[in-house]
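*Asks:*
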Amino acid sequence: MSRPPYNNAIQRLGILEALSAYDPHVAGTPPLGVHTDSSDIDILCCAPYAEVFLDTIVSLYSNHAGFSCWQWVSGDRPLIATFHAEGWEFEIYASPQPVKQQAGWRHFTIEQRLLALGGETFKAKIMSLRSEGYKTEPAFWTALGFACNADGNTSGKAYAGMLELCDEPDEALVDRLKKAGFA
């Protein structure tokens, strides 16, 4: 059985409206068009008060299959909730940081820019790497010509490296794409 398009699932669940007080943003591979059958829908939120956000999440989604929620013990202690609905796994990531400053959003925006600048050939390379088991950031990092394995745990520093690219102007990104054989 195939699942519905991600945007239909979001709309049917009404998650953006339900979490509107937390500035929800959809990120991740489905809106980029580089998702696989195992991809989830990421919703990034700004939640300065973790306890209040937790109460909201539990009241809204704890009745969904696979509901799980935990809080990191380091950094700004983000809260993460996952559950299944509308044929998809949803992952809600809530940090006290504004969404546009969160690493997940910054990764999403640089990946968006690279896909726009790199064209269909670059997107095909990303999809090829994803089909080989590469996670998103390691796939982009590898496609750009940096050493990396599928989970990013090498000297290639895929996650940090992608964040460093966020501040690069389009011209520098096009140069990087050209050096890697794209654009």
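Residues 524 to 706, numbered by this note's numbering, are exactly what the sequence shown covers, in order.
Using N, Cα and C, we set each Cβ at its ideal position, and we do this for glycine too.
1. Whose CA, out of 667, 582, 561, 562, lies closest to the CA of residue 538?
2. Residue 487 to residue 656, Cα distance in whole Å?
3. Between residue 610 and residue 695, how many whole angstroms is the CB-CB distance? I'm expecting something under 8 Å.
4. Excluding five sequence neighbours on each side, which residues of the same chain lie with their C-beta closer than 7 Å to the C-beta of residue 580?
5. In the DSSP output, which residue or residues are listed as bridge partners for residue 697?
6. Give me the residue from 552, 545, 600, 669 with the minimum Cα distance to residue 530.
7. Mark residue 654 as exposed unless 16 or more other C-beta atoms lie within 10 angstroms of its C-beta, in which case mark it buried.
8. In this structure, does DSSP put residue 605 in helix, strand or coil?
9. Whose C-alpha, out of 627, 661, 666, is nearest the C-alpha of residue 645?
10. Do residue 629 and residue 567 have their C-beta atoms closer together than 8 Å?
*Replies:* From the atom records:
1. That would be 582, whose Cα lies nearest to the Cα of residue 538.
2. Nothing about residue 487 can be read from this structure; the chain reaches only from 524 to 706.
3. Incorrect: roughly 39 Å between the Cβ atoms, too far for contact.
4. Take residue 580, set aside five residues on each side of it, and the residues of its chain with a beta-carbon closer than 7 Å to its own are 592, 604, 615, in chain order.
5. BP columns for residue 697 are empty, so no partner.
6. Comparing Cα positions, the closest option is 552.
7. Classification of residue 654: exposed, given that the 10 Å Cβ count is below 16.
8. Residue state for residue 605 is assigned as strand, using DSSP reduced to three classes.
9. Considering only alpha carbons, the answer is 666.
10. Result no, Cβ atoms of residue 629 and residue 567 do not sit closer than 8 Å.
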